[in-house]
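Take 326 as the starting number for the sequence shown in this note's numbering and just add one per residue.
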Amino acid sequence: MLAGVKVFATRRYPGAAFDELEDVEVLPLAELREPREDVEGLFLANEPVPLELLPRLRVVANFGVGYDRIDVEACAARGVIVTNTPGVLDAATADLAFALLLAARRQVVTGDRFVRSGGWSGSWSEGGLAEELSGSTLGIVGLGRIGSAVARRARGFDLRVLYTRRSDAGSELGEPRELDELLAESDLVSLHVPLTPETDGLLDARRLGLLRPGAVLVNTARGEIVDEPALIAELVSGRISAGLDVFAHEPEVPARLLELPNVVLTPHIGSATRQTREAMTRLAVDNLLAVERGDPLLTPVPG
Ligand code: DGY
């Protein structure tokens with residue numbers, strides 16, 4: 326029970342751990358119009374915190390590893406603790422990145438549509454032959470926790486792995502490259518950097534132009550990391566394919582993308598497995614409980 330910290334959650338988060346917040350109330354932030362003196366804890370999913378309306382706020386528990394929509398500096402300046410849920414979603418997100426790589430490379434979605442259309446008369450002529458995944462080169466942009474989980478999966482597919490990473494430390498998971506080199510050398514590229522001012526628009530038109538003809542770009546990180554209009558232009562030209570789980574203005578998906586056969590689209594479901602979402606709730610609740618008890622935080626976001 327969180328006796329001393331009154332928590333408001335922006336929705337009911339999945340899993341039994343949510344019920345350990347005995348006093349929790351559900352309060353969608355969109356409904357907050359007036360200052361609320363009673364809100365001391367917020368449980369949300371990467372949503373902007375209306376600090377000006379919440380004078381007694383002490384802690385924000387973010388359901389997710391990415392906190393790009395939370396003004397962490399402003400929270401720190403007001404003494405508001407922010408926590409997130411790193412680690413517990415690595416496997417689920419890496420699995421989805423692989424699902425998108427495979428789906429885009431092996432025409433899984435176009436094949437599915439073809440079968441459903443009733444047009445299959447014994448041979449798959451419409452899409453032509455796919456390029457094989459095995460033996461390809463996979464470029465991982467951001468060899469952090471999730472990127473490393475992708476690299477480990479790549480071994481089972483006999484992929485050669487190139488990577489960029491923030492630190493200079495080497496990794497036995499692949500070969501380090503500068504970003505431009507990685508883009509030019511890879512058949513498959515998967516993005517795993519957080520959205521920050523430095524990574525906003527990281528894959529601009531010039532960098533997208535470095536991708537090899539036939540390359541597959543997968544984004545399970547944040548839509549804003551890629552210049553979306555420039556990506557659409559590349560996809561329209563048919564030069565590359567993509568698997569996209571994230572978009573620059575979610576839940577809006579550019580209409581042009583919906584028409585293209587060479588892109589597979591999913592609705593930001595990288596972490597959306599029962600096990601992972603329950604583990605995210607568990608970790609967020611444990612952070613809230615730690616605040617209440619004065620215990621060390623499990624996964625604080627550096628302020
Ligand atoms: C995250 O953890 O940042 C994901 O995008 C939310 O599922």
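In this text, a Cβ means the ideal position worked out from N, Cα and C, and glycines have one as well. Here the structure is a predicted model, which is why all the values come from computation and not from measurement.
Practice prompt. Determine the contact status of SER459 and PHE482, defining contact as a CB-CB distance below 8 Å.
Written response: Yes.
Discussion item. Going by DSSP, what residue range makes up the alpha helix (DSSP H) through ILE557?
Written reply: Its alpha helix (DSSP H) spans residues 553 to 562.
Practice prompt. Take MET326 and list the residues in its own chain whose beta-carbon comes closer than 6 Å to its own, dropping the five residues that flank it on each side.
Written response: With a pLDDT of only 42 at MET326, under 50, the local geometry of the prediction cannot be trusted, and the value read off the model is given with reservation. Excluding positions up to five away in sequence, the list reads GLU347.
Practice prompt. Could you have a look at ALA334 and say whether DSSP puts it in helix, strand or coil?
Written response: Under the three-state reduction of DSSP output, ALA334 falls in the strand class.
Discussion item. If the criterion is Cβ atoms closer than 8 Å, does the pair VAL486 and ALA476 meet it?
Written reply: In this structure, VAL486 lies near ALA476, with their beta-carbon atoms less than 8 Å apart.
Worksheet item: Within 8 Å (strictly less), CB to CB, does ARG383 reach chain C?
Response: Among the protein chains of the structure shown there is no chain C, as only one such chain exists.
Practice prompt. Can you give me the Cβ contacts of ALA399 inside the same chain, cut-off strictly under 7 Å, excluding the 5 residues immediately before and after it?
Written response: So the qualifying residues of the chain are LEU376.
Discussion item. Tell me the DSSP secondary structure of LEU327 in three-state form.
Written reply: Only weak support is given to the placement of LEU327: the predicted model assigns it a pLDDT of 47, under 50, and the question is left unresolved by the model.
Discussion item. Alpha carbons only, please: which of GLU362, ILE395, LEU614 is nearest the one belonging to GLY628?
Written reply: Of GLU362, ILE395, LEU614, the residue nearest in Cα terms is ILE395.
Item to complete: Decide if the region 589 to 599 is in contact with the region 609 to 626; the criterion is three or more beta carbon pairs, one per stretch, under 8 Å apart.
Response: No: fewer than three Cβ pairs fall under 8 Å.
Discussion item. Can you tell me whether ILE390 sits near the ligand DGY, meaning its C-beta is under 7 Å from at least one heavy atom of the ligand?
Written reply: Just to set this straight, residue 390 is Val in the shown sequence, not Ile. Yes; taking the cut-off as 7 Å, the Cβ of VAL390 has a heavy atom of the ligand DGY nearer than that.
Item to complete: Would you mind working out which of VAL330, ILE471, LEU352 sits nearest VAL405, comparing C-alpha positions?
Response: If we check each option's Cα against that of VAL405, VAL330 comes out closest.
Item to complete: Under 8 Å by Cβ, that's how I've got THR591 and SER511 pegged, so tell me the actual separation to the nearest angstrom.
Response: In this structure THR591 does not touch SER511 by the C-beta definition: roughly 21 Å separates them, more than the 8 Å allowed.
Worksheet item: Counting along the chain, where does the alpha helix (DSSP H) carrying ILE395 start and finish?
Response: Per DSSP, ILE395 belongs to no alpha helix (DSSP H) and is neither H nor E.
Item to complete: Look up GLY464 in the DSSP assignment and give the residues it is bridged to.
Response: According to DSSP, GLY464 bridges with LEU487, VAL514.
Worksheet item: Considering only C-alpha positions, which residue in the set LEU556, LEU520, ASP493, ASP344 is nearest to LEU533?
Response: With respect to the C-alpha of LEU533, the residue from LEU556, LEU520, ASP493, ASP344 having the closest C-alpha is LEU556.
Discussion item. In this structure, how does DSSP classify VAL374 when only helix, strand and coil are distinguished?
Written reply: Under the three-state reduction of DSSP output, VAL374 falls in the coil class, being neither helix nor strand.
Discussion item. Does THR521 pass the burial test, meaning 16 or more other C-beta atoms within 10 Å, or should it be called exposed?
Written reply: Answer is exposed; the Cβ neighbour count stays below 16.
Discussion item. Would you say the beta carbon of LEU414 is closer than 7 Å to some non-hydrogen atom of the ligand DGY?
Written reply: Because some heavy atom of the ligand DGY lies under 7 Å away, the Cβ of LEU414 counts as near it: yes.
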